[in-house]
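Protein chains in written order, with my numbering: chain A, 329 to 648; chain B, 329 to 648.
Single-structure report; data block below.
2 protein chains.
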Amino acid sequence: MSRIPALVEAARGGDPRALARLITLVENDDEGLPELAALLAPHTGTAQVIGLTGSPGVGKSTTTNELVRALRARGHRVGVLAVDPSSPFTGGAILGDRVRMQDHATDTGVYIRSMSARGHLGGLAAATPQAVRVLEGAGCDLVLVETVGVGQAEVEVASLADTTLVLLAPGMGDAIQAVKAGILEIADVFVVNKADRDGADATYRDIQGMIALGERGPGQWRPPVLRAVAAKGEGIDDILAAIDKHRSWLESGGELRRRREARAAAEVEAIALAALRERIGSLRSGTALPALACAVADGSLDPYAAAGQLLASLQLPASN
Amino acid sequence: MSRIPALVEAARGGDPRALARLITLVENDDEGLPELAALLAPHTGTAQVIGLTGSPGVGKSTTTNELVRALRARGHRVGVLAVDPSSPFTGGAILGDRVRMQDHATDTGVYIRSMSARGHLGGLAAATPQAVRVLEGAGCDLVLVETVGVGQAEVEVASLADTTLVLLAPGMGDAIQAVKAGILEIADVFVVNKADRDGADATYRDIQGMIALGERGPGQWRPPVLRAVAAKGEGIDDILAAIDKHRSWLESGGELRRRREARAAAEVEAIALAALRERIGSLRSGTALPALACAVADGSLDPYAAAGQLLASLQLPASN
Chain A
329 MSRIPALVEA
339 ARGGDPRALA
349 RLITLVENDD
359 EGLPELAALL
369 APHTGTAQVI
379 GLTGSPGVGK
389 STTTNELVRA
399 LRARGHRVGV
409 LAVDPSSPFT
419 GGAILGDRVR
429 MQDHATDTGV
439 YIRSMSARGH
449 LGGLAAATPQ
459 AVRVLEGAGC
469 DLVLVETVGV
479 GQAEVEVASL
489 ADTTLVLLAP
499 GMGDAIQAVK
509 AGILEIADVF
519 VVNKADRDGA
529 DATYRDIQGM
539 IALGERGPGQ
549 WRPPVLRAVA
559 AKGEGIDDIL
569 AAIDKHRSWL
579 ESGGELRRRR
589 EARAAAEVEA
599 IALAALRERI
609 GSLRSGTALP
619 ALACAVADGS
629 LDPYAAAGQL
639 LASLQLPASN
Chain B
329 MSRIPALVEA
339 ARGGDPRALA
349 RLITLVENDD
359 EGLPELAALL
369 APHTGTAQVI
379 GLTGSPGVGK
389 STTTNELVRA
399 LRARGHRVGV
409 LAVDPSSPFT
419 GGAILGDRVR
429 MQDHATDTGV
439 YIRSMSARGH
449 LGGLAAATPQ
459 AVRVLEGAGC
469 DLVLVETVGV
479 GQAEVEVASL
489 ADTTLVLLAP
499 GMGDAIQAVK
509 AGILEIADVF
519 VVNKADRDGA
529 DATYRDIQGM
539 IALGERGPGQ
549 WRPPVLRAVA
559 AKGEGIDDIL
569 AAIDKHRSWL
579 ESGGELRRRR
589 EARAAAEVEA
599 IALAALRERI
609 GSLRSGTALP
619 ALACAVADGS
629 LDPYAAAGQL
639 LASLQLPASN
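As structure tokens, this is what we get:
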């Protein structure tokens, strides 16, 4: 008998260990995920999701920590998901950072969790929304998703948030990196952290200049650039105010609904593609793909014809 | 009527413009690619494929240029494919480098071409082997595939070569980068280029040290580390000798065949997956996915159930 209904029940009752086990199931792409998703669906769809990203060293953990403190003071139940899109090697670093979060260790209104998605065939695009749903199902009305680094994977993760914060720090060349990685397109709020350091003004001007270059129609959101010194708790209220303002903008124009539907579509696609990929992958251990590969290597069959035969063995209708 | 048979005929007759048009078809994932692949298959499967990769600035173009000169002197017909796995922004840089290849502009036994795969749904994994086949079908018995940068995409491209050369240069921290990117696993020959510069010995020792750390069974290939100053033509003969030696090793143990079958399998999979992805993508413009996404955003349907319905609309048999 599946243990998942009992785990969901316990997580909804506030049991942090049940919650942890559920997120581990998500990480590992457990075969029970469809059941879990079905159980969670009625309890999801309303939590506010805040993304937070930036290069290593800009102060993401400190900022998250201070934001959690301020959100708790407002009465929110807060979930934090620290997502590691990169190699196994950096897993330790993230877990290390988590130690600084122990400020909240005795607060049952906060749940903090690192997550990788190495075991998830659908990758972060499929795994992260599931984990957010677990936190939401367990009663968090606000979920902070923190990602490490500035790259394609971070953009992917950030794109599932209602509001995405991008942290910068002086003298790190972040502005250029942000443009390269497409961060500029997904940022709703920029924060120049460590604003008491040399070079903060230059970073501020750089990013303002890049925002000014972007074309925006009337009624479109223009990302504000804030200054903060998270380690001293400075600027946190301004960040929350910017999040609130962005939230109002999202709600007023129907953008919140559009974003959530786009996210849901991307998630459904990722799950469907993963299922298809898994089926194709399962053919590797069969005889079809090796035989086709042999014929292609010989030149006796071309790769498109081989791919057609492979798809036929999946009982798919003819392509195009 | 399809123009592809005539283009293939012309390319096989040595017409460089026909060859260029065929590679453009590959770049753009033209709907005629299955036909092209079928026409080329009988003429492919024997060319030697050499991969060449390394960070920007290590001297890839210069080295390629000198290798082409030496290979021509041996009587090979040589194709060069400079693949750009990254953003559109670097396209110009590659084309600029190509100017230096004009040494060979009047030599009809050499065909040099930059390629991106931005338009190809199957990405580089599907596009690059097709382009190699075009060059092979046009009579090149040796194809050099040069990639810019050291990253996951480069590893992917390099993995389609029989022999992969990794270029390093003094003082660029390449050794660490190489390990991070998984280059160490795919390199068959290391070349420390610009070996007359300060720091070349340190780079040489670094990479030797990393190779020594790798575990190798008896009969396994241990990548040699060579020194070269490509700009002066120094070390090119050593590189060719190492390629020959690696080629003998590949042939003696059946590894060449194994590599080519593994490559063909990956290629067939990439094409099959791209076809499936395209079909799922085509549902975006239909009514199924938006309706499912709406239900998921509402919480009235969970994403796994939605993915199942999406797959059902593709007429796929039930998963698992």
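Glycine is no exception: its CB is placed at the ideal position from the N, C-alpha and C atoms.
Spatial distance of residue i from residue j (CA atoms)
i: A/Arg428; j: A/Pro384; result: Low confidence applies to A/Arg428: its pLDDT is 43, below 50, so where it sits in the model is not reliable, and the reading given next is rough at best. Looking at the two C-alpha atoms, the distance is approximately 15 Å.
i: A/Ala459; j: A/Gln536; result: 34 Å
i: B/Ala410; j: A/Glu337; result: 56 Å
i: B/Ile599; j: A/Asp630; result: 11 Å
i: A/Ala640; j: A/Tyr632; result: 12 Å
i: A/Thr456; j: A/Glu579; result: 23 Å
i: A/Asp572; j: A/Arg544; result: 21 Å
i: A/Glu394; j: A/Ser330; result: 39 Å
i: A/Arg488; j: B/Ala489; result: First, the amino acid is wrong: residue 488 of chain A is Leu here, not Arg. In a straight line, the C-alpha of A/Leu488 is about 38 Å away from that of B/Ala489.
i: B/Leu399; j: B/Arg405; result: 8 Å
i: A/Ser628; j: B/Gly527; result: 50 Å
i: A/Ile332; j: A/Gly360; result: 7 Å
i: B/Val408; j: B/Asp435; result: 13 Å
i: A/Glu363; j: B/Gly636; result: 13 Å
i: A/Pro618; j: A/Met538; result: 50 Å
i: A/Leu380; j: A/Gly582; result: 23 Å
i: B/Val596; j: B/Ser610; result: 21 Å
i: B/Thr352; j: B/Glu589; result: 26 Å
i: A/Val624; j: A/Ala616; result: 12 Å
i: A/Asp412; j: A/Thr392; result: 15 Å
i: A/Asp303; j: B/Leu541; result: Outside the modelled stretch of chain A, which goes from 329 to 648, sits residue 303 of chain A, for which no answer is possible.
i: B/Ser415; j: A/Glu484; result: Unreliable placement is indicated for B/Ser415, whose pLDDT of 39 sits below 50; the coordinate value is still reported in the next sentence. Each residue's alpha carbon lies about 16 Å from the other.
i: B/His574; j: B/Ala365; result: 29 Å
i: A/Gly382; j: A/Leu350; result: 27 Å
Residue i at chain A interface by Cβ criterion, 9 Å
i: B/Leu353; result: no
i: B/Cys622; result: yes
i: B/Ala369; result: yes
i: B/Leu639; result: yes
i: B/Glu597; result: yes
i: B/Tyr632; result: yes
i: B/Thr390; result: no
i: B/Pro546; result: no
i: B/Thr374; result: yes
i: B/Glu583; result: no
i: B/Gln536; result: no
i: B/Glu579; result: no
i: B/Ala635; result: yes
i: B/Val427; result: At B/Val427, the pLDDT of 43 sits below 50, so the modelled position is not reliable; the number obtained from the coordinates is stated separately. By this cut-off, B/Val427 is not an interface position.
Residue i in three-state terms, based on DSSP
i: A/Ser383; result: coil
i: B/Ala625; result: helix
i: A/Arg585; result: helix
i: A/Gly407; result: strand
i: B/Ala550; result: For clarity, residue 550 of chain B is Arg in the given sequence; the question names Ala instead. Three-state result, B/Arg550: coil.
i: B/Leu395; result: helix
i: B/Glu359; result: coil
i: A/Arg525; result: coil
i: A/Ser442; result: strand
i: B/Glu595; result: helix
Residue i classed as buried or exposed, judged by whether at least 16 other C-beta atoms fall within 10 angstroms
i: B/Ala646; result: Because the pLDDT at B/Ala646 is just 38, under 50, the model does not fix this residue reliably, and the point stays unresolved.
i: B/Arg550; result: exposed
i: A/Arg586; result: exposed
i: B/Ala530; result: exposed
i: B/Pro370; result: exposed
i: A/Thr492; result: buried
i: B/Arg533; result: exposed
i: A/Thr475; result: buried
i: B/Thr372; result: buried
i: B/Pro546; result: exposed
9 Å Cβ cutoff, residue i in contact with chain B
i: A/Ser628; result: yes
i: A/Arg331; result: no
i: A/Pro552; result: no
i: A/Glu394; result: no
i: A/Arg555; result: no
i: A/Leu601; result: yes
Beta-carbon neighbours of residue i, restricted to chain E and to distances below 7 Å
i: A/Glu337; result: Of the chains in the structure shown, none is chain E; the protein chains are A and B.
Residue i CB to nearest heavy atom of the ligand SAH below 8 Å
i: A/Leu493; result: By its list of ligands, the structure shown contains no ligand whatsoever, and the ligand SAH lies outside what it can speak to.
With three or more C-beta pairs closer than 8 Å as the rule, is the segment 593-611 of chain B touching the segment 335-353 of chain A?
no
So, do the segment 510-527 of chain A and the segment 385-402 of chain A have three or more beta carbon pairs nearer to each other than 8 Å?
yes
How do the segment 459-470 of chain B and the segment 561-568 of chain B stand: do at least 3 beta-carbon pairs fall below 8 Å, yes or no?
no
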